[in-house]
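Worksheet: the structure to be examined is printed underneath.
2 protein chains.
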Amino acid sequence: MGVVKCQLSVSLDGYMAGPEQSEADPLGKGGMALHEWAFKLAAWRDPHDREGGEGDDNPSNGVMEEAQAGTGAVVMGRNMFGPVRGPWGDEDWKGWWGDDPPFHVPTFVLTHHQREPLEMAGGTSFHFVTDGVESAVAQAKEIAGDQDVSVGGGASTVQQCIVAGLLDVLLINQVPILLGGGERLLDNLEAGASSFELARVVEGREAVHLFYAVS
Amino acid sequence: MGVVKCQLSVSLDGYMAGPEQSEADPLGKGGMALHEWAFKLAAWRDPHDREGGEGDDNPSNGVMEEAQAGTGAVVMGRNMFGPVRGPWGDEDWKGWWGDDPPFHVPTFVLTHHQREPLEMAGGTSFHFVTDGVESAVAQAKEIAGDQDVSVGGGASTVQQCIVAGLLDVLLINQVPILLGGGERLLDNLEAGASSFELARVVEGREAVHLFYAVS
Chain A
17 MGVVKCQLSV SLDGYMAGPE QSEADPLGKG GMALHEWAFK LAAWRDPHDR EGGEGDDNPS
77 NGVMEEAQAG TGAVVMGRNM FGPVRGPWGD EDWKGWWGDD PPFHVPTFVL THHQREPLEM
137 AGGTSFHFVT DGVESAVAQA KEIAGDQDVS VGGGASTVQQ CIVAGLLDVL LINQVPILLG
197 GGERLLDNLE AGASSFELAR VVEGREAVHL FYAVS
Chain B
17 MGVVKCQLSV SLDGYMAGPE QSEADPLGKG GMALHEWAFK LAAWRDPHDR EGGEGDDNPS
77 NGVMEEAQAG TGAVVMGRNM FGPVRGPWGD EDWKGWWGDD PPFHVPTFVL THHQREPLEM
137 AGGTSFHFVT DGVESAVAQA KEIAGDQDVS VGGGASTVQQ CIVAGLLDVL LINQVPILLG
197 GGERLLDNLE AGASSFELAR VVEGREAVHL FYAVS
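See below:
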């Protein structure tokens, strides 16, 4: 059995996206800076079909490799798949990533709009789930088999997984910047909604990686 | 010259106090759990005149020793000194800590009410500063000389120090619990209000200690 895991980049003030998110700026004001540590890594560049990048002399590279390895399916929220504002109920929108998305596995998108699955290049397929996060994770686990299910974003999807007790491992990539507003990862959660245990810390060059076991 | 430093215990969702803070419950609902890792340490128990505790087999003990060492003065906000609700403008209130507070150095309290200094047992004296955080830190630095100035709480005092560029070192003791509400440490800050660099990480038994250099 694999685990249900989630890795997200979070600012020092707890935001996983900046303020004023929009179709033109899906990560919000300043939000791109949360991901710059990753863009530099060979382990990020390779599945995104880009050459070069920092190798294992930056400990973040191993973390990224590990986070991506053994992933048999992905679950993501509607806003990670499509624009925050504006519809994509039509059949034209195929995600932010072009014809060959970087997931390379079946990917379950939470939505209120039924839609036929989309087969993309490179092994990614998008499956639209209208009956909630528990159903999405159950379908993803079944397809993933012995491999892990990776929960993408946004914050609301991760929060729903935590509240429903579906998440096993939370990897917080803490980036030492202030965003000052936006979407907080750990928000709208009740005290004791889940119990966390720090499993491991890796100090990367531009982010510190905190692995929490969730139960 | 010493540095201006601050060490605070923060929940995984970023709170340094729980919801519903009151005179009877100054740390808010669940907030005491943020400090349990510290209460167990010899390095915390000793200055609080309690015996025993965990020694250096818990890496948190060394962090606590280091955070307390070399402190020549303390700055704190009004709510750390007195009840959140209710006045202490009268001369009766002498802080939460009894006759021998655990600071053992001159301690500058931000307030809107002028008041004569209070000499306590054990080397602590309380000085009431009515002209703002920059003045309080300047007075504390002058008295501290070559030693450090430690900024206590609450969140608002720390935020004011960050915004005014007064803080040099921020030690976040991240405790793996959710408080679900309350007072957030890094809140009300603008993007780029300060720049942070992770200087060191220490993995304690019940908290992870993140040392940030602030500039």
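Quick mapping for you: the protein sequence lines, in order, are chains A and B.
Taking our numbering, the leading residue of the first sequence gets 17, the next gets one more, and so forth.
Taking our numbering, the leading residue of the second sequence gets 17, the next gets one more, and so forth.
Glycine included, every Cβ here is placed at the ideal spot set by N, Cα and C.
Please read these numbers as outputs of a predicted model, since none were measured by experiment.
Practice prompt. Select from the region 21–34 of chain B all residues with a C-beta closer than 8 Å to any C-beta belonging to chain A, and list them in chain order.
Written response: L28, D29, G30, G34
Worksheet item: If you compare alpha carbons, which of E158/A, P133/A, G139/A, G138/A is closest to T146/A?
Response: Position 130 of the first sequence holds residue 146/A. Closest by alpha carbon: P133/A.
Worksheet item: Using a Cβ-Cβ cut-off of 6 Å (strictly less than) and excluding sequence neighbours within five positions of L186/B, which residues of its own chain qualify?
Response: Taking the second sequence and counting its residues from 1, the one referred to as residue 186/B is at position 170. Around L186/B: C22, Y228, V230.
Worksheet item: How should G44/B be labelled, buried or exposed, when 16 other C-beta atoms within 10 angstroms of its C-beta is the threshold for buried?
Response: Numbered from 1 along the second sequence, position 28 holds the residue referred to as residue 44/B. Buried: at least 16 other Cβ atoms inside 10 Å.
Worksheet item: Quick one: what does DSSP say E36/A is sitting in, helix, strand or coil?
Response: Taking the first residue of the first sequence as position 1, residue 36/A is located at position 20. Three-state DSSP puts E36/A in coil, outside helix and strand.
Discussion item. Taking its Cβ as the centre, do 16 or more other Cβ atoms sit within 10 Å of R200/B, making it buried, or is it exposed?
Written reply: Walking along the second sequence from the start, residue 200/B turns up at place 184. Result: buried.
Discussion item. Are the CB atoms of A171/B and D203/B within a distance shorter than 8 Å?
Written reply: Numbered from its first residue, the second sequence carries residue 203/B at position 187. Numbered from its first residue, the second sequence carries residue 171/B at position 155. Going by C-beta atoms, D203/B is nearer than 8 Å to A171/B.
Practice prompt. Let me know the alpha helix (DSSP H) ranges lying completely inside the region 73–159 of chain A, each 4 residues or longer, listed in chain order.
Written response: 75–84, 94–97
Item to complete: For the region 111–137 of chain A, enumerate the residues whose C-beta is nearer than 7 Å to any C-beta of chain B, in chain order.
Response: none
Worksheet entry | chain B residues whose Cβ lies nearer than 8 Å to that of D203/A | Within the first sequence, residue 203/A is the residue found at index 187, counting from 1. Ordered by position in chain B, the residues that pass the 8 Å Cβ test against D203/A are D29.
Worksheet item: Exposed or buried, what is S25/B when buried is set at 16 or more other beta-carbons lying within 10 Å of its beta-carbon?
Response: By 1-based counting over the second sequence, the position of residue 25/B is 9. Its Cβ being crowded by 16 or more others within 10 Å, S25/B is buried.
Item to complete: Could you run through the region 172–192 of chain A and flag, in chain order, every residue whose CB is less than 7 Å away from some CB of chain B?
Response: P192
Worksheet item: Is there a Cβ from chain A that is less than 8 Å from the Cβ of L50/B?
Response: As a working note, residue 50/B is residue 34 in the second sequence. No, its Cβ sits nowhere closer than 8 Å to a Cβ of chain A.
Fill in: Pair within 8 Å by beta-carbon distance, E219/A and V217/B
Indexing the first sequence from 1 puts residue 219/A at position 203. Indexing the second sequence from 1 puts residue 217/B at position 201. Result yes, Cβ atoms of E219/A and V217/B sit closer than 8 Å.
Worksheet item: Can you list, in chain order, the residues of its chain whose CB lies under 6 Å from that of G198/A, leaving out five sequence neighbours each side?
Response: Counting from one through the first sequence, the residue named residue 198/A turns up at place 182. Result list for G198/A: Y31, A33, G34, P35, G44, in chain order.
Worksheet entry | CA nearest to the CA of Q176/A, picked from G148/A, L195/A, I193/A | Against the first sequence, residue 176/A aligns to sequence position 160. If we check each option's Cα against that of Q176/A, G148/A comes out closest.
Worksheet item: Can you find a C-beta in chain A that's less than 8 Å from the C-beta of L194/B?
Response: Here residue 194/B refers to the residue found at position 178 of the second sequence. Yes - at least one Cβ of chain A is within 8 Å of the one on L194/B.
Worksheet item: So is K157/B in contact with chain A if we call contact Cβ pairs under 8 Å?
Response: Within the second sequence, numbered from 1, the residue matching residue 157/B stands at position 141. Closer than 8 Å: no.
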